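As structure tokens, the structure follows; a few thoughts come after it.
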Amino acid sequence: MSAQKETFGFQTEVKQLLQLMIHSLYSNKEIFLRELVSNASDAADKLRFLALENNDLYEGNGELRVRISADKDANTVTISDNGIGMTRDEVISSLGTIAKSGTAEFFQNLTGDQARDSQLIGQFGVGFYSAFIVADSVTVRTRKAGEAQATEWHSQGEGEYTLADIDKAERGTEIILHLRDDEKEFLDEFRLRSIVTKYSDHVSIPVEMYQAPTEESEGPDGEKIPATPGEWQAINKATALWTRDKSEISDEEYKEFYKHVGHDWEEPLTWAHNKVEGKTEYTSLLYIPKKAPFDMWNRDRQHGLKLYVQRVFIMDDAEQFMPNYLRFVKGLLDSNDLPLNVSREILQDNKVTQAIRKGCTSRVLKMLDRMGKNKPEEYQTFWNEFGQVIKEGPAEDMTNKEAIAKLLRFASTDSDLETQNVSLEQYIARMKEGQDKIYYVVADSFQAAKSSPHLEIFRKKGIEVLLLSDRVDEWMMSHLTEFDGKQLASITRGDLDLGDLDDEESKKEQEASEKEVEGLIERVKTALGDKVKEVRFTHRLTDSPACVVADEHDMSSQMQKLMEQIGQQAPETKPVFELNPEHQLVKHLNNVQDEDNFAQWADVLLDQALLAERGSLKDPAGFVSRLNKLMLDLSK
Numbered sequence: 016m017s018a019q020k021e022t023f024g025f026q027t028e029v030k031q032l033l034q035l036m037i038h039s040l041y042s043n044k045e046i047f048l049r050e051l052v053s054n055a056s057d058a059a060d061k062l063r064f065l066a067l068e069n070n071d072l073y074e075g076n077g078e079l080r081v082r083i084s085a086d087k088d089a090n091t092v093t094i095s096d097n098g099i100g101m102t103r104d105e106v107i108s109s110l111g112t113i114a115k116s117g118t119a120e121f122f123q124n125l126t127g128d129q130a131r132d133s134q135l136i137g138q139f140g141v142g143f144y145s146a147f148i149v150a151d152s153v154t155v156r157t158r159k160a161g162e163a164q165a166t167e168w169h170s171q172g173e174g175e176y177t178l179a180d181i182d183k184a185e186r187g188t189e190i191i192l193h194l195r196d197d198e199k200e201f202l203d204e205f206r207l208r209s210i211v212t213k214y215s216d217h218v219s220i221p222v223e224m225y226q227a228p229t230e231e232s233e234g235p236d237g238e239k240i241p242a243t244p245g246e247w248q249a250i251n252k253a254t255a256l257w258t259r260d261k262s263e264i265s266d267e268e269y270k271e272f273y274k275h276v277g278h279d280w281e282e283p284l285t286w287a288h289n290k291v292e293g294k295t296e297y298t299s300l301l302y303i304p305k306k307a308p309f310d311m312w313n314r315d316r317q318h319g320l321k322l323y324v325q326r327v328f329i330m331d332d333a334e335q336f337m338p339n340y341l342r343f344v345k346g347l348l349d350s351n352d353l354p355l356n357v358s359r360e361i362l363q364d365n366k367v368t369q370a371i372r373k374g375c376t377s378r379v380l381k382m383l384d385r386m387g388k389n390k391p392e393e394y395q396t397f398w399n400e401f402g403q404v405i406k407e408g409p410a411e412d413m414t415n416k417e418a419i420a421k422l423l424r425f426a427s428t429d430s431d432l433e434t435q436n437v438s439l440e441q442y443i444a445r446m447k448e449g450q451d452k453i454y455y456v457v458a459d460s461f462q463a464a465k466s467s468p469h470l471e472i473f474r475k476k477g478i479e480v481l482l483l484s485d486r487v488d489e490w491m492m493s494h495l496t497e498f499d500g501k502q503l504a505s506i507t508r509g510d511l512d513l514g515d516l517d518d519e520e521s522k523k524e525q526e527a528s529e530k531e532v533e534g535l536i537e538r539v540k541t542a543l544g545d546k547v548k549e550v551r552f553t554h555r556l557t558d559s560p561a562c563v564v565a566d567e568h569d570m571s572s573q574m575q576k577l578m579e580q581i582g583q584q585a586p587e588t589k590p591v592f593e594l595n596p597e598h599q600l601v602k603h604l605n606n607v608q609d610e611d612n613f614a615q616w617a618d619v620l621l622d623q624a625l626l627a628e629r630g631s632l633k634d635p636a637g638f639v640s641r642l643n644k645l646m647l648d649l650s651k
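Residue numbers 16 to 651, in the working numbering, belong to the letters of the sequence shown in order.
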């Protein structure tokens with residue numbers, strides 16, 4: 016018995032996605048079957064998990080499966096499962112909206128170019144809506160296990176859908192695709208079988224198609240071939256891929272399984288499949304994606320691995336097995352040492368969980384290290400997508416800090432390109448004789464780092480400096496203080512000491528230039544007062560008259576800005592003001608006799624240095640006014 020139909024409007028994002036599906040994925044239409052079979056498999060996994068506590072949900076039938084059939088007369092393809100099913104509210108939530116964070120950002124990235132947009136769809140995940148690639152209307156009939164009432168959902172993929180209460184004897188979901196006139200190829204059973212074999216062979220429950228009955232016949236040698244009854248036959252291996260031996264699994268199977276488990280359109284960059292035996296027994300299959308999800312920086316985004324216990328699906332997004340800085344890793348774990356009734360609360364403080372987390376983290380770090388050494392181009396692709404996430408690692412994971420540091424890549428003064436990155440190991444290998452530190456500078460942008468006045472002496476002496484410009488860099492470097500026995504030193508902090516790189520002749524020249532402007536430091540201190548912490552001469556500059564640095568134990572300007580950006584109050588610190596005694600402007604400053612005029616010059620030099628270091632001033636109008644006055648005085 017069915018009730019009166021109700022009509023609902025789609026969420027705006029769904030309308031956009033449906034139009035995109037219909038018009039952009041024309042080149043690979045067959046993926047609709049992969050997506051719908053994957054959803055059916057997930058529904059079976061969820062039922063199996065819930066039935067651990069309530070066996071009645073099986074309703075007397077624990078044989079889980081997916082069935083595919085084609086009706087040429089009706090021009091339909093039907094995919095049905097006897098998994099968990101959905102209630103009416105769940106149908107509205109799942110099929111009428113896109114309940115995924117990052118949706119708005121996804122649509123902002125659409126370009127109108129069909130080829131590019133189809134790749135974006137893949138990164139977003141196509142799911143149920145892929146049905147509309149080949150169908151001009153879709154009917155969904157579903158009943159949740161343990162519930163009496165079933166629901167029918169129907170839509171033509173435009174502005175609205177209808178819902179009605181119906182009767183349905185079997186639990187689970189049945190999806191009927193009313194094919195477009197130009198998609199009749201998918202009515203061919205051989206075509207459907209080949210798609211399942213290609214994309215869904217790894218699905219751990221049977222994917223069945225109906226084998227029609229045959230009559231008794233005679234073979235070529237006159238022998239009798241008995242009649243066969245019509246029956247549903249599995250057309251996939253129906254064996255969980257991760258339980259098979261690695262030598263039996265092809266790269267193509269691994270890649271297709273990734274698309275299933277990762278809900279991704281693209282192939283993975285690499286993967287690791289391992290079975291661990293001993294004190295803790297588990298199997299892991301871990302993948303590194305090619306593309307970062309749009310919502311990777313969303314704090315509410317769910318991430319983690321699929322968790323199975325003794326091949327029984329337990330939960331999606333089990334974040335306890337992977338540290339936050341590796342939140343992009345996809346894949347699954349199957350443990351023999353966790354109880355089947357495991358919950359997120361139990362996982363929080365569990366020795367088995369900790370051992371598995373430690374093992375999986377180490378495996379991913381080694382996998383990335385191998386990629387960096389053996390496949391640098393692939394690693395560059397990875398770094399462009401996930402480098403900023405990896406940079407969170409040194410602060411989060413002290414145990415693996417050295418291993419994480421090996422994965423880091425930096426722009427440097429040895430290249431004019433931001434994308435030509437160097438590892439810390441490569442930097443050390445080409446350090447100058449006598450150099451005992453790894454030098455770096457942090458700025459707001461690559462261009463600002465590359466143009467920093469603090470680099471001048473390093474360029475003069477041919478010393479390579481790492482150029483850091485990501486928001487996370489200053490925070491990362493506050494936790495990464497050394498690598499392979501070499502101290503990492505900021506060239507914008509403390510007094511500059513080049514050690515053995517400074518020759519005696521240079522030191523004598525520096526002393527002579529300071530003697531020429533003797534007494535200048537005290538005059539500048541008096542003029543600037545409490546605007547600065549200290550005034551001193553420096554020889555880190557060759558082309559600039561002055562710079563500011565942070566005292567050795569003070570917070571840097573970049574860290575202050577980072578704290579302000581996240582809404583935290585940064586402690587007030589004053590800069591150390593350094594003057595280049597060899598620069599003509601500093602020599603001119605020393606010759607200014609009028610103290611008011613001298614103070615104007617000192618203020619302008621300080622503001623210039625602050626502007627170069629921080630990119631902004633507290634009183635830009637005052638700086639412009641002083642600069643204009645001095646320019647007018649010089650023009651007289």
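Even for Gly, the Cβ is constructed at its ideal location relative to N, Cα and C. Remember, it's a predicted structure, so these values are computed and weren't measured experimentally.
Query raised in the report: What runs of the beta strand (DSSP E), each 3 residues or longer, lie entirely inside the region 316-390?
Result: The DSSP assignment places complete beta strand (DSSP E) segments of no fewer than 3 residues inside the region 316-390 at 320-324, 327-333, 345-350, in order along the chain.
Requested in this report: Mind reading off the beta-carbon distance from residue 463 to residue 484? Whole number of angstroms is fine, and I expect it under 8 Å.
Outcome: The Cβ separation is near 7 Å, so the contact holds.
Report task. Within its chain, find whatever has a CB closer than 7 Å to the CB of residue 548; leave out the 5 residues flanking it on each side and keep chain order. Result -> Around residue 548: 566, 589, 590, 591.
Query raised in the report: In whole angstroms, what separates the C-alpha of residue 331 from that of residue 322?
Result: Taking the straight line joining both Cα atoms gives about 6 Å.
Query - Buried versus exposed call for residue 622 [16 or more other C-beta atoms within 10 Å across all chains shown] - result: Buried, since its Cβ has 16 or more Cβ neighbours within 10 Å.
Requested in this report: Check whether the Cβ atoms of residue 552 and residue 620 sit closer than 9 Å, and answer yes or no.
Outcome: No, these two residues do not count as a Cβ contact at 9 Å.
Report task. Rank 500, 451, 369 by C-alpha distance to the C-alpha of residue 478 and give the top, closest one. Result -> Minimum Cα distance to residue 478 is reached at 451.
Report task. For residue 190, name the three-state secondary structure that DSSP assigns. Result -> Correct three-state label for residue 190: strand.
**Report entry** Nearest-angstrom Cβ-Cβ length linking residue 254 and residue 232, presumed shorter than 8 Å
**Finding:** With a contact defined as Cβ atoms closer than 8 Å, residue 254 and residue 232 miss out at about 33 Å.
**Report entry** For residue 86: DSSP bridge partner residues
**Finding:** As computed with DSSP, residue 86 is found in a beta bridge with 91.
Requested in this report: Could you check the C-alpha separation between residue 237 and residue 230 for me, to the nearest Å?
Outcome: Their backbone Cα atoms lie some 15 Å apart in a straight line.
Query raised in the report: Any idea which residues DSSP pairs residue 481 with across the strands?
Result: Residue 481 pairs with 427, 455.
Query raised in the report: How would you label residue 106, buried or exposed, when you count the other beta carbons within 10 angstroms and need 16 or more for buried?
Result: Label assigned to residue 106: buried.
Query - Any 3 or more C-beta pairs closer than 8 Å across the region 208-218 and the region 45-58 - result: With three or more CB-CB distances shorter than 8 Å, the region 208-218 counts as touching the region 45-58.
Query raised in the report: Out of 370, 345, 637, which has the shortest C-alpha to C-alpha gap to residue 353?
Result: Closest by C-alpha distance to residue 353, out of 370, 345, 637, is 370.
Query - Start-to-end residues for the beta strand (DSSP E) that takes in residue 445 - result: Neither: residue 445 is in no beta strand (DSSP E) and is coded neither H nor E.
Query raised in the report: Which residues in the same chain as residue 140 place their Cβ atom closer than 6 Å to its Cβ, once the five residues preceding and following it in sequence are excluded?
Result: Its pLDDT being 47, under 50, residue 140 is placed unreliably by the model, and nothing is read from it.
Report task. Figure out for me which residue from 325, 395, 345 has the closest Cα to the Cα of residue 67. Result -> Out of 325, 395, 345, 325 has the C-alpha closest to the C-alpha of residue 67.
Query - Nearest residue (CA-CA) to residue 307, options 351, 626, 403 - result: Among 351, 626, 403, the Cα nearest to that of residue 307 is on 403.
Query raised in the report: In three-state DSSP terms, what is residue 490?
Result: Correct three-state label for residue 490: helix.
Report task. Rounded to whole angstroms, what's the CA-CA distance from residue 57 to residue 440? Just pull it up for me. Result -> One C-alpha to the other measures close to 44 Å.
Report task. Look up residue 292 in the DSSP assignment and say whether it is helix, strand or coil. Result -> Here residue 292 carries a coil assignment [DSSP, helix/strand/coil].
Query - From 69, 638, 615, residue whose alpha carbon lies closest to that of residue 626 - result: Ranked by Cα distance from residue 626, the options 69, 638, 615 are led by 638.
**Report entry** Whole-angstrom distance between residue 372 and residue 387, CA atom to CA atom
**Finding:** Cα-Cα distance, rounded: 23 Å.
Query raised in the report: What distance in whole Å lies between the Cβ atoms of residue 629 and residue 564, which are believed to be in contact at a cut-off of 8 Å?
Result: That belief does not hold up - the Cβ atoms of residue 564 and residue 629 are roughly 12 Å apart, past 8 Å.
Query raised in the report: If you follow the beta strand (DSSP E) that residue 166 is part of, which residue opens it and which one closes it?
Result: That run of the beta strand (DSSP E) goes 165-170.
Query raised in the report: Which of the three DSSP states, helix, strand or coil, is assigned to residue 636?
Result: Residue 636 sits in a helix when the DSSP states are folded into three classes.
Query - Coil, strand or helix - residue 248 by DSSP - result: Strand at residue 248.
Query raised in the report: Span of the beta strand (DSSP E) holding residue 222?
Result: For residue 222, the uninterrupted beta strand (DSSP E) segment begins and ends at 222-226.
Query raised in the report: Mapping DSSP to helix, strand and coil, what is residue 52?
Result: Taken through DSSP and simplified to helix, strand or coil, residue 52 comes out as helix.
Query raised in the report: Quick one: what's got a C-beta closer than 7 Å to residue 76's C-beta in the same chain, skipping five residues either side?
Result: Answer for residue 76: 97, listed in chain order.
Requested in this report: Below 6 Å CB to CB, which residues in the same chain sit around residue 558 once its five sequence neighbours on both sides are set aside?
Outcome: Excluding its 5 nearest sequence neighbours in each direction, residue 558 has C-beta neighbours in its own chain below 6 Å: 471, listed in chain order.
Query raised in the report: In angstroms, rounded to a whole number, what distance separates the CA positions of residue 90 and residue 274?
Result: Roughly 28 Å between the two C-alpha positions.
Requested in this report: Mind the definition here: the region 173-180 touches the region 201-215 only if three or more C-beta pairs lie below 8 Å; say whether that holds.
Outcome: No, the region 173-180 is not in contact with the region 201-215.
Query raised in the report: How many Å lie between residue 155 and residue 329 at the Cα?
Result: Roughly 26 Å between the two C-alpha positions.
Requested in this report: Mark residue 261 as exposed unless 16 or more other C-beta atoms lie within 10 angstroms of its C-beta, in which case mark it buried.
Outcome: Classification of residue 261: exposed, given that the 10 Å Cβ count is below 16.
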